[in-house]
Amino acid sequence: MATIGKFALRVVVLAAIIYAVTRLVDGIEVIGNPTGFFGETGTYLWVALLFALVNSIVGPIVRLLALPFVILTLGLFLLVINAAMLGLTALISDRFSVDGFLAALFGGFLIALFSWIAELILPLKVRAS
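Heads up: take any position in the sequence shown, counting from 1, add 886, and you land on our numbering.
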């Protein structure tokens, strides 16, 4: 499958995951735009695209800078980094809100868990050839 196709599939799956997380976690909300492009589904796709971009651009830098804490906590600090990426996405978008650190932490954990499960089922990794 082409790289762009895999990225598009990844964004669609991430939009479904974010939809599930907004239903499971109080404090994480996507404010849908029914009159926008693709309606409320388009809003979830937009938030998923933003989250994917934040996670692929800012995420590696933050993970590298926080590497001593990740090693010290045996990887548990990655949950805090995922929560920070979720919060940063909420800061960028006016259609996505995260209320508090605990909601971001739990939401980041669920997004990581559901993404891992989706990765087992679908070929979502985008790798350079």
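Backbone N, C-alpha and C define an ideal beta-carbon position, used for all residues, glycine too.
Computed from a predicted model, the values in this text were never measured in an experiment.
Within the same chain, Cβ atoms closer than 6 Å to the Cβ of LEU996 are found at VAL907, the five residues on either side in sequence being excluded. In this chain, the beta strand (DSSP E) harbouring SER983 covers 982-984.
In the DSSP annotation of this structure, VAL911 is not part of any alpha helix (DSSP H), being labelled neither H nor E.
Nearest to VAL984 by C-alpha distance, out of ARG896, PRO954, ILE978, GLY973, is GLY973.
By the criterion of a C-beta distance shorter than 7 Å, ALA969 is surrounded in its chain by PHE987, ALA990, LEU991, GLY994, once the five residues flanking it on both sides are discounted. Within its own chain, the residues whose Cβ lies closer than 7 Å to the Cβ of ALA938, once the five positions on either side in sequence are excluded, are ARG896, VAL897, LEU900, listed in chain order.
For the pair THR889 and PHE924, the Cα-to-Cα distance works out to about 24 Å.
Note that the C-beta distance between VAL933 and ILE904 is below 9 Å.
Taking 3 residues as the shortest admissible run, the stretch 912-979 contains the following complete beta strand (DSSP E) segments, listed from N- to C-terminal end: 914-916. Per the C-alpha coordinates, the member of SER979, LEU977, PRO946 positioned closest to ILE967 is PRO946. 9 Å or more divides the Cβ of LEU977 from the Cβ of ALA998.
Non-local C-beta neighbours of GLY922 in its own chain, meaning closer than 8 Å and more than five positions away in sequence, comprise GLY928, THR929, ordered along the chain.
For LEU895, the three-state secondary structure derived from DSSP is helix.
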